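Visitor: Chains as they are written, first to last, in our numbering: chain A, 159 to 667; chain B, 159 to 667.
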């Protein structure tokens with residue numbers, strides 16, 4: 159169990175300081191949660207003002223010279239015994255946030271909040287009306303602000319590195335390009351082989367009439383089966399599924415967005431968000447109310463949502479073990495369908511325009527397209543006005559299909575109304591997940607048998623003990639190495655994709 | 159429409175300062191709302207820590223010398239033209255909160271938060287186990303803290319005045335005693351006459367099987383019929399119904415606690431909380447994000463919940479106009495029941511042990527008992543240990559019944575785990591409500607006919623225009639005088655009670 163040296167006066171002072179910040183940040187997270195699940199239609203502006211005020215207070219606290227002095231004093235001693243990994247991580251994260259905050263003037267932080275709110279509204283209207291031109295000025299403003307932010311944060315090689323680092327500490331374009339090249343290669347070649355095989359998967363069993371209340375009950379049972387603790391969390395609806403926590407493992411909530419005619423949406427979102435939630439709930443209680451509670455990074459977080467969703471939750475053995483839940487919830491619909499048919503349907507490969515609906519083979523191509531485009535925007539190699547044209551060209555090049563409208567293309571999601579640099583986390587998560595998956599399979603020789611028996615607790619226990627408990631104590635690469643024994647390596651992902659979809663589509667070679 | 163002199167530099171500075179405070183307070187209200195509607199079971203301690211931190215930040219802001227200087231400068235000029243009533247109220251409320259905060263040291267505020275949390279737990283257990291002795295030490299601690307708070311705030315005549323003033327500015331024991339004497343008298347004599355009449359009301363039509371989902375839908379329709387705006391609010395469940403807003407009229411939410419076998423609980427809570435909510439939603443938009451948004455005081459707030467619940471919502475004309483909603487929700491149950499029978503049932507008089515279930519005739523006796531007891535506790539005339547004995551004695555004296563256990567007596571609700579001085583607001587609210595009710599009846603000669611026709615919008619429009627729009631600009635007595643043309647006067651309540659229940663119970667004289 160990670161422990162802080164609470165008897166050390168300055169560690170204790172830092173903890174006290176950061177706990178207050180953590181409490182205030184948790185109230186911000188609560189405001190976000192509420193905005194997505196319950197906020198009345200006409201209260202958006204007032205909530206925006208509340209969040210801006212809170213952001214100001216947090217900026218004030220993070221930039222306090224008193225905090226800077228405390229960090230500096232601790233940095234001199236904390237590397238050595240008897241200080242713990244938790245102490246060192248606390249000082250490291252405090253330094254990181256203190257630096258980030260002091261490098262951005264409060265006026266810039268406030269300007270970003272204003273532009274983000276206005277940009278969100280502009281995007282919403284533009285998407286409705288398929289009118290990229292009306293969104294372009296706001297996107298340009300966001301790009302300009304993100305460039306300024308990157309310059310203020312600083313970077314060694316390329317400006318985009320500064321933004322990557324916000325979501326994945328120490329990640330760079332150089333590292334990403336090395337990881338992404340084999341991903342692009344395996345995705346493209348596998349897609350080609352699947353398409354050339356002429357084989358098709360029938361996914362019709364996912365469609366029908368599934369009343370929302372029964373979907374909710376089913377998703378609750380699925381979460382309980384995975385080991386999610388409802389005494390430390392809850393399930394709600396929101397337009398886009400997400401998971402949030404409030405600075406502690408004792409309050410980790412998730413949302414779904416059930417579709418009445420399509421069961422896969424809520425079920426797979428439940429397992430995906432459930433993965434995030436299991437990770438958060440597994441964090442050591444000793445890290446509660448500190449910046450170290452939660453996941454190591456966004457990439458590592460996505461590794462857990464994708465591990466549970468794809469590597470475990472879309473597999474046939476998993477559904478052998480859990481199909482009775484589907485049958486109990488919708489007895490008529492699933493009377494003549496079996497686990498194998500259902501899990502095959504979940505894994506149907508088909509290039510599509512919308513990232514969040516993509517299969518595992520094409521998913522990372524969506525990410526790579528966006529990564530390339532936003533890196534080019536930030537580094538000044540691409541004008542906002544050319545974005546739709548280039549977007550469509552790359553979809554044709556990578557996926558062989560082209561959006562019929564910007565609404566289904568460059569305007570499809572909200573990401574570019576705020577920060578840049580997040581997308582790569584998704585693919586990084588897939589890579590980490592593959593590596594962890596093979597570690598698990600190697601650790602548990604009877605992995606598939608246990609899954610087919612309805613057991614996933616052996617996975618959760620192992621991950622808790624080797625990974626979840628540490629929260630943000632270890633940096634992503636370090637953590638992956640501790641969990642898998644190796645540095646992040648894209649080969650596991652290539653192997654996984656080829657094995658799984660080779661088998662599903664009966665590809666030779 | 160109330161307006162601030164925003165072009166005046168110091169008014170503007172004060173507004174900016176108070177808007178930030180209002181935003182932070184709104185996040186606290188959100189945390190409370192969430193705690194009552196969604197917080198996971200095991201997250202209570204962490205939420206407590208978050209709220210304590212926020213309380214500290216708010217204390218810091220309210221006590222800032224910079225704020226004190228701003229208030230002092232404005233106080234010199236604000237009484238005169240061209241400053242507005244809104245400006246004056248802003249300075250008045252800022253002074254009030256600044257004084258209150260500076261008179262309590264932060265250590266006392268924190269100690270109160272700790273004792274409150276522990277006392278709540280002790281009360282919960284004591285109530286479960288009917289064990290007042292285990293709660294007594296915590297109640298003693300709370301009494302001691304409340305006495306200290308009162309002494310620090312200061313008072314002119316009696317210590318309890320200092321606590322009354324927190325919920326009802328300028329209210330004193332002297333004023334209360336003058337208002338409460340006729341209330342006690344009319345309640346006791348009316349109860350006696352009803353009991354001696356031997357007449358009884360059959361309330362069996364309120365009992366049956368009412369599935370919660372249908373109750374929710376019914377309550378939504380009722381709220382819409384009353385003029386509550388769901389684009390600026392929402393309805394949820396909580397163990398105890400309440401209404402909250404977040405520093406603005408654009409986000410005003412309420413809760414109910416439906417009972418599956420008893421329809422009156424959710425329906426009347428909906429109208430009661432709806433009254434609070436209509437008041438909050440009616441506040442002028444110009445007061446948004448300031449301490450002036452919301453109701454004038456707790457007493458004035460209760461006047462609106464009680465006005466809508468009792469004076470309007472339990473009347474026969476109202477149900478003539480709205481019975482179709484009950485029938486639509488529960489067609490079988492209400493097939494052979496009519497509006498007259500239903501509204502009579504709602505008004506059945508029967509002395510009971512539990513305040514929140516009390517009828518209008520006995521309700522204020524519950525309040526008066528508690529007012530007397532807590533005044534005696536605060537003024538040092540009563541030892542905590544004697545409380546259960548005295549409680550039971552006064553219930554026998556006033557209501558003619560006696561609790562069989564402390565669980566149904568002195569431990570019945572949570573109020574005495576935190577502050578003292580709130581209870582009188584309930585009765586004060588009933589008095590204000592009666593006075594406003596007769597003003598409305600005088601203004602609208604066809605009051606009952608309009609109600610019976612299903613219209614309540616004329617009431618809401620009038621109240622908005624004459625009362626709601628002003629938020630907290632006017633002090634309670636001033637506001638009541640503006641709305642009704644007279645100072646608060648208990649005679650209206652006595653008249654209302656005698657008229658209504660005289661008719662219902664066919665009392666002669």
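By construction, the Cβ of each residue, glycine as well, lies at the ideal position given by its N, Cα and C atoms.
Note that this is a predicted model, so its numbers are computed, not measured.
My assumption, with CB atoms under 8 Å, is that residue 275 of chain B sits in contact with residue 186 of chain B. Please give the rounded CB distance.
Guide: Start at 1 with the first residue of the second chain, and residue 275 of chain B comes out as number 117. Start at 1 with the first residue of the second chain, and residue 186 of chain B comes out as number 28. With 8 Å as the limit, residue 275 of chain B and residue 186 of chain B do not qualify as a contact, their Cβ atoms being about 15 Å apart.
Visitor: In terms of residue numbering, what span does the beta strand (DSSP E) encompassing residue 631 of chain B cover?
Guide: Taking the second chain and counting its residues from 1, the one referred to as residue 631 of chain B is at position 473. Per DSSP, residue 631 of chain B belongs to no beta strand (DSSP E) and is neither H nor E.
Visitor: With respect to the beta strand (DSSP E) encompassing residue 394 of chain A, which residues constitute its N-terminal and C-terminal limits?
Guide: The count along the first chain starts at 1 and reaches residue 394 of chain A at position 236. Start and end: 391-395.
Visitor: Using a Cβ cut-off of 7 Å, pull out every chain A residue sitting near residue 301 of chain B, in sequence order please.
Guide: Taking the first residue of the second chain as position 1, residue 301 of chain B is located at position 143. Within chain A, no residue comes near residue 301 of chain B; the closest Cβ sits about 29 Å away, beyond 7 Å.
Visitor: Grab the span of the alpha helix (DSSP H) containing residue 510 of chain A for me, first residue to last.
Guide: Position 352 of the first chain, counted from the start, is the residue given in the question as residue 510 of chain A. Looking at the DSSP string, residue 510 of chain A is not in any alpha helix (DSSP H), and its letter there is neither H nor E.
Visitor: What residues match up with residue 410 of chain A in a beta bridge as DSSP calls it?
Guide: Mapped onto the first chain, residue 410 of chain A falls at position 252. According to DSSP, residue 410 of chain A bridges with A:391, A:403.
Visitor: Kindly indicate which three-state DSSP category residue 313 of chain B falls into: helix, strand or coil?
Guide: Position 155 of the second chain, counted from the first residue, corresponds to residue 313 of chain B. In this structure, residue 313 of chain B counts as coil in the three-state DSSP scheme.
Visitor: Am I right that residue 348 of chain B and residue 656 of chain B are in contact with their C-beta atoms under 8 Å? What's the rounded C-beta distance?
Guide: Along the second chain, one-based indexing puts residue 348 of chain B at 190. Along the second chain, one-based indexing puts residue 656 of chain B at 498. Confirmed, Cβ separation roughly 6 Å.
Visitor: Identify every residue that forms a DSSP beta bridge with residue 417 of chain A.
Guide: The sequence position of residue 417 of chain A within the first chain is 259, counting from 1. DSSP lists A:420 as partners of residue 417 of chain A.
Visitor: Is it true that the CB of residue 646 of chain B sits closer than 8 Å to the CB of residue 593 of chain B?
Guide: The count along the second chain starts at 1 and reaches residue 593 of chain B at position 435. The count along the second chain starts at 1 and reaches residue 646 of chain B at position 488. Their beta carbons are under 8 Å apart, which means residue 593 of chain B touches residue 646 of chain B by this criterion.
Visitor: Taking contact to mean 3 or more Cβ pairs, one atom from each stretch, closer than 8 Å, check whether the region 279-295 of chain A and the region 239-255 of chain A are in contact.
Guide: No, they do not touch.
Visitor: Just to confirm my understanding: we take residue 568 of chain A, look at its own chain, exclude 5 residues before and 5 after, and list those with CB closer than 6 Å. What are they?
Guide: What you label residue 568 of chain A is simply residue 410 of the first chain in a count that begins at 1. Here the set comprises 545, 546, 549.
Visitor: Give me the DSSP bridge partner(s) of residue 365 of chain B.
Guide: Here residue 365 of chain B refers to the residue found at position 207 when the second chain is read from its first residue. The partner list for residue 365 of chain B (beta bridge, DSSP) reads B:420.
Visitor: For the candidate residues A:269, A:285, A:314, whose alpha-carbon lies nearest to that of residue 304 of chain A?
Guide: Mapped onto the first chain, residue 304 of chain A falls at position 146. Comparing Cα-Cα distances from residue 304 of chain A to each of A:269, A:285, A:314, the minimum goes to A:269.
Visitor: Check each candidate in A:459, A:615, A:613, A:487 and name the one with the smallest Cα separation from residue 628 of chain A.
Guide: Taking the first chain and counting its residues from 1, the one referred to as residue 628 of chain A is at position 470. Nearest of A:459, A:615, A:613, A:487 to residue 628 of chain A, Cα basis: A:459.
Visitor: Taking the alpha carbon of residue 660 of chain B as the point to measure from, which residue in B:576, B:165, B:331, B:344 has its own alpha carbon closest?
Guide: Within the second chain, numbered from 1, the residue matching residue 660 of chain B stands at position 502. When each option's Cα is compared against that of residue 660 of chain B, the closest is B:344.
Visitor: Looking only at its own chain, which residues have a Cβ that is under 8 Å from the Cβ of residue 553 of chain B, when we skip the five neighbours before and after it?
Guide: Your numbering for residue 553 of chain B matches position 395 in the second chain. Hits under 8 Å: 511, 527, 559, 560, 561, 567.
Visitor: Out of curiosity, what's the CA-to-CA distance linking residue 480 of chain B and residue 488 of chain B?
Guide: Counting from one through the second chain, the residue named residue 480 of chain B turns up at place 322. Counting from one through the second chain, the residue named residue 488 of chain B turns up at place 330. Approximately 13 Å between the Cα atoms of the pair.
Visitor: If you draw a straight line from the C-alpha of residue 586 of chain B to the C-alpha of residue 461 of chain B, how long is it?
Guide: By one-based count along the second chain, residue 586 of chain B stands at place 428. By one-based count along the second chain, residue 461 of chain B stands at place 303. Taking the straight line from one Cα to the other gives about 7 Å.
Visitor: Using a Cβ-Cβ cut-off of less than 9 Å, give me the residues of the region 383-405 of chain A that come near chain B, in sequence order.
Guide: Residues 387, 388, 389, 390, 391, 392, 394, 404, 405.
Visitor: Looking at the C-beta of residue 593 of chain A, does it have a partner C-beta in chain B at a distance below 8 Å?
Guide: Here the question's residue 593 of chain A lines up with position 435 in the first chain. No, its Cβ sits nowhere closer than 8 Å to a Cβ of chain B.
Visitor: Assign residue 615 of chain B to one of two classes, buried (16 or more other C-beta atoms within 10 Å of its C-beta) or exposed (fewer than that).
Guide: As a working note, residue 615 of chain B is residue 457 in the second chain. Per the 10 Å Cβ criterion, exposed.
Visitor: Cβ of residue 160 of chain B less than 8 Å from any chain A Cβ?
Guide: As a working mapping, residue 160 of chain B is identified with position 2 in the second chain. No - not a single Cβ of chain A is within 8 Å of the one on residue 160 of chain B.
Visitor: Rounding to the nearest angstrom, what Cα-Cα distance links residue 427 of chain A and residue 338 of chain A in this structure?
Guide: Stepping through the first chain from its first residue, residue 427 of chain A is reached at position 269. Stepping through the first chain from its first residue, residue 338 of chain A is reached at position 180. Spanning the two alpha carbons is a distance of roughly 25 Å.
Visitor: Near residue 301 of chain A, what residues of its chain come up, given a Cβ to Cβ distance below 8 Å and the 5 sequence neighbours on each side ignored?
Guide: Numbered from its first residue, the first chain carries residue 301 of chain A at position 143. Taken in chain order, the residues that qualify are 535, 536, 542, 578.
Visitor: Would residue 524 of chain B be called buried (16 or more neighbouring beta carbons within 10 Å of its own) or exposed?
Guide: Position 366 of the second chain, counted from the start, is the residue given in the question as residue 524 of chain B. Counting Cβ neighbours within 10 Å, residue 524 of chain B comes out buried, since at least 16 surround it.
Visitor: Find out if the Cβ-Cβ distance for the pair residue 467 of chain A, residue 433 of chain A is shorter than 8 Å.
Guide: Position 309 of the first chain holds residue 467 of chain A. Position 275 of the first chain holds residue 433 of chain A. The answer is yes: Cβ separation under 8 Å.
Visitor: Note down, in chain order, each residue of its chain lying with its Cβ closer than 8 Å to the Cβ of residue 241 of chain B, except the 5 sequence neighbours on either side.
Guide: Here residue 241 of chain B refers to the residue found at position 83 when the second chain is read from its first residue. Once the five neighbours on either side are set aside, the close Cβ partners of residue 241 of chain B are 163, 166, 169, 235.
Visitor: Relative to the C-alpha of residue 662 of chain A, which residue among A:620, A:533, A:502 is closest?
Guide: Sequence index remark: in the first chain, residue 662 of chain A carries index 504 (1-based). With distances taken between Cα atoms, residue 662 of chain A lies closest to A:502.
Visitor: Of the residues B:652, B:617, B:564, which one's Cα is nearest the Cα of residue 293 of chain B?
Guide: Position 135 of the second chain, counted from the start, is the residue given in the question as residue 293 of chain B. Nearest C-alpha to residue 293 of chain B: B:564.
Visitor: Give the residues of chain B in contact with residue 208 of chain A, contact being defined as C-beta atoms less than 7 Å apart.
Guide: The residue you call residue 208 of chain A lines up with position 50 of the first chain. Within 7 Å Cβ-Cβ: 181, 184, 185.
Visitor: If we count the other Cβ atoms within 10 Å of its Cβ and call it buried at 16 or more, is residue 522 of chain B buried or exposed?
Guide: Translated into positions along the second chain, residue 522 of chain B becomes position 364. With 16 or more other Cβ atoms within 10 Å, it is buried.
Visitor: Expressed to the nearest angstrom, what Euclidean distance is found between the alpha-carbon atoms of residue 650 of chain B and residue 182 of chain A?
Guide: Here residue 650 of chain B refers to the residue found at position 492 when the second chain is read from its first residue. Here residue 182 of chain A refers to the residue found at position 24 when the first chain is read from its first residue. One C-alpha to the other measures close to 48 Å.
Visitor: Would you say residue 198 of chain A faces chain B, with C-beta separation under 8 Å as the test?
Guide: Numbered from 1 along the first chain, position 40 holds the residue referred to as residue 198 of chain A. Yes, contact with chain B.
Visitor: Measure the alpha-carbon distance for residue 364 of chain A versus residue 499 of chain A and round it to whole angstroms.
Guide: Residue numbering aside, residue 364 of chain A sits at position 206 when the first chain is read from its first letter. Residue numbering aside, residue 499 of chain A sits at position 341 when the first chain is read from its first letter. Whole-angstrom Cα-Cα distance: 10 Å.
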